[in-house]
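K.L.:
What follows is a single structure, and I will ask about it in a moment.
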Amino acid sequence: MNTEQLVESGRMISRAFALLERANDFSLPIEAALISKRGLLDEARRAVAAARAALLQ
Numbered sequence: 046m047n048t049e050q051l052v053e054s055g056r057m058i059s060r061a062f063a064l065l066e067r068a069n070d071f072s073l074p075i076e077a078a079l080i081s082k083r084g085l086l087d088e089a090r091r092a093v094a095a096a097r098a099a100l101l102q
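For what it's worth, my numbering labels the leading residue of the sequence shown as 46, then goes sequentially.
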């Protein structure tokens, strides 16, 4: 990978993280569905954060 590819990957990961943050603010009418959605989104956020950290090392 060259520097340009790393920078672009970082931008895409940042965008994905921002989208996950926005999706997490969405509320569903059923509490159980909201809890499930939040758990999945939180896990996705942690995965994206780990990928971002790996790129930055």
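The beta carbon of each residue, even a glycine, is placed where N, CA and C say it ideally should be.
Given the structure is predicted, the values throughout are model-derived calculations rather than measurements.
Can you check whether the CB of Leu100 is closer than 8 angstroms to the CB of Gly55?
P.N.:
yes
K.L.:
Quick check on DSSP: helix, strand or coil for Asn47?
P.N.:
coil
K.L.:
Is the beta carbon of Leu65 closer than 8 angstroms to that of Ala89?
P.N.:
yes
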